[in-house]
Ligand SMILES: [Cu+2]
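Put into structure tokens, the structure is as follows:
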């Protein structure tokens, strides 16, 4: 992806050149104002400028949408940081509403993290905010907006406010010829009364009877009262790197190359699967963290906000579609063409055999994790259509809201905590912990260790256990990353005491 070749030094120049053509509505005055802000005497220019503004984005010829973006492009520019080397970022908000920019997967302070619930100040409308931090840990991270969208489908992550980050490690973990960054994202959201979300791909498939009974009883009781199903969100267009299948630059490869794909699910609400006919993926990192040993799989599944780094050996020449295994989503754009040098013709799709996704296959099957100092039990539940037609979500019977923001869990610095998560709903929840990462210790009954992540999908009526070290003091947000779930209660706070 030559257009993603930013380095820290040439970033400002490059963005100017690359994004200049996209800044259609920008006036000269506006540009001068930005230049003077960037050169503000308080510390001189920043290392990076990110401009939040409503812009046109061309998903395909004659298919131009209007959405909020970073620097007039989707995805936002790839930021390449060096682990531990401080950076200054000026975030400019050219919209009419307050914004938050969240540094997903990084161990930053609450002042920088980008979550109002933790106390990060908003970037005011038509204002700016300067932050400085030392990026860490190394690996594939991303940045995205972190505001409450609620019933609005033009706010939060329904917009184009998503961009990839790569924090250079001290040493390169893999042996590969080329890196390709792919951000998966849907646009043109609309409400629906039922989802078609894939449900049966997680392994093990073990469910817990008690959770299933509780969830099904609650649903039956709601429907018996005449309630409809709560709102879900569907989309009109599907893209990889902001282009619908067939309308972006192909990924150009040569036979024999090893290509390292960094894939981000930038969706507000959807789970995605990715396959490339005739090829397999050797997964080397999950959420940017190296796994104990590389594992070859026929395809990938990613919950909202999950990242997978995987090497594909280019050993099957042709012109292929790398895309979502859901035919409808792929046909509406969720794919990218992979073209071998010297090959021509219509891109081919061949459906893979169904494959299941088991996080534990990436871990150590025998080595147990260290024992936790304390275990927190958490039960997730759905109140069907209970909040103005939207499902309300609870953690241990409490729905988070602006009026109920007091921390639910208390931790002490230096201790190890286990989250025993129990899902009493039939939905899959991609669960995220801010400013920390966690180790998977048990997935639907299967023990594992050594898989370090910051988002994990908890399957319908399943249990997942993760451990984290309380090593980054300050309020810490914990939530489902599905925008419609987090906005309707599925959040809570940890506090250090
Ligand atoms: Cu959820």
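Residue numbers (the working numbering): 26 to 522.
Built from N, CA and C at the ideal position, the CB exists for glycine as well.
Residue nearest to residue i in terms of C-alpha spacing, selected from the options
i	options	result
residue 453	483, 297, 442	483
residue 461	240, 475, 132	132
residue 210	328, 172, 477, 173	328
residue 314	184, 185, 191	191
residue 346	336, 322, 377	377
residue 230	430, 371, 486	486
residue 518	106, 212, 142	142
residue 174	426, 144, 387	426
residue 499	522, 159, 390	522
residue 503	201, 455, 395	455
residue 463	372, 338, 307, 316	316
residue 306	249, 254, 241, 387	387
residue 89	493, 264, 340	264
residue 488	407, 447, 216	447
residue 353	385, 310, 283, 269	269
residue 201	349, 373, 336, 395	336
residue 213	185, 232, 204, 224	185
residue 340	323, 224, 304, 380	304
residue 318	385, 348, 330	385
residue 112	146, 155, 159, 233	159
residue 165	275, 480, 398	480
residue 289	262, 218, 330	330
residue 217	433, 414, 421, 465	414
Run of the beta strand (DSSP E) containing residue i, from where it starts to where it stops
i	result
residue 318	314-322
residue 264	257-265
residue 151	It is not in any beta strand (DSSP E) - residue 151 carries neither H nor E in the DSSP assignment.
residue 538	Residue 538 lies beyond the residue range present for the chain, which begins at 26 and ends at 522; the question has no answer from this structure.
residue 335	332-338
residue 127	126-129
residue 252	It is not in any beta strand (DSSP E) - residue 252 carries neither H nor E in the DSSP assignment.
residue 326	325-327
residue 210	203-217
Own chain residues within Cβ distance below 6 angstroms of residue i, not counting five before or after
i	result
residue 424	417, 514
residue 294	258, 507, 508, 509
residue 117	76, 153
residue 511	504, 505
residue 237	486
residue 46	Only weak support is given to the placement of residue 46: the predicted model assigns it a pLDDT of 31, under 50, and the value that follows is read from those uncertain coordinates. So no residue of the chain qualifies.
residue 95	75, 101, 188
residue 247	409
residue 326	226, 298, 382
residue 33	Below a pLDDT of 50, predicted positions are generally treated as unreliable, and residue 33, at 35, falls in that range; the measurement from the model is reported next regardless. Answer for residue 33: no residue qualifies.
residue 51	Confidence is the limiting factor: at residue 51 the pLDDT is only 36, short of 50, which leaves the residue's position unreliable and the question unanswerable from this model.
residue 72	112, 113
residue 516	425, 504
Check: residue i C-beta below 8 angstroms from any heavy atom of ligand 1
i	result
residue 171	no
residue 507	yes
residue 479	no
residue 452	yes
residue 418	yes
residue 455	yes
residue 244	no
residue 510	yes
residue 515	yes
Residue span of the alpha helix (DSSP H) that contains residue i, given as start and end
i	result
residue 244	234-249
residue 506	Residue 506 -> no alpha helix (DSSP H), and no H or E assigned at all.
residue 135	135-138
residue 352	352-356
Cut-off 7 angstroms between Cβ atoms - residues of its own chain near residue i, not counting five sequence neighbours on either side
i	result
residue 523	With the chain running from 26 to 522 in the structure shown, residue 523 is simply not present.
residue 368	342, 343, 344
residue 54	Note that residue 54 has pLDDT 36, beneath the 50 cutoff, so the model's placement of it is unreliable and the number below is only indicative. Same-chain partners within the cutoff: there are none.
residue 495	436, 437, 438, 439, 440, 442, 521
residue 150	118, 120, 121, 122, 123
residue 450	240, 405, 406, 407, 485
residue 260	211, 212, 213, 214
residue 474	388, 389, 392, 393, 394, 464, 466
residue 311	333, 387, 476, 478
residue 183	174, 214, 293, 508
residue 41	For residue 41, the predicted model reports a pLDDT of 33, less than 50, meaning its position is unreliable and no value from the coordinates is stated.
Own chain partners of residue i with C-beta closer than 8 angstroms, once the 5 adjacent residues on each side are dropped
i	result
residue 64	Any reading at residue 64 must be qualified, since the residue scores a pLDDT of 40, below 50, and its modelled position is unreliable; the value itself is stated next. 70, listed in sequence order.
residue 127	138, 139, 140, 168, 169, 170, 171, 459
residue 193	105, 106, 107, 108, 163
Closer than 9 angstroms to chain B by CB, residue i
i	result
residue 105	Among the protein chains of the structure shown there is no chain B, as only one such chain exists.
Does the stretch 360-380 come close enough to the stretch 299-315 that 3 or more CB-CB pairs lie under 8 angstroms?
-> Contact annotation: the stretch 299-315 touches the stretch 360-380, with at least three C-beta pairs closer than 8 angstroms.
So does the stretch 272-288 actually touch the stretch 429-444, counting three or more Cβ pairs closer than 8 angstroms?
-> no
Should the stretch 72-90 be regarded as contacting the stretch 107-125, the criterion being three or more beta carbon pairs within less than 8 angstroms?
-> Judged by pairs of C-beta atoms under 8 angstroms, the stretch 72-90 touches the stretch 107-125, as three or more such pairs exist.
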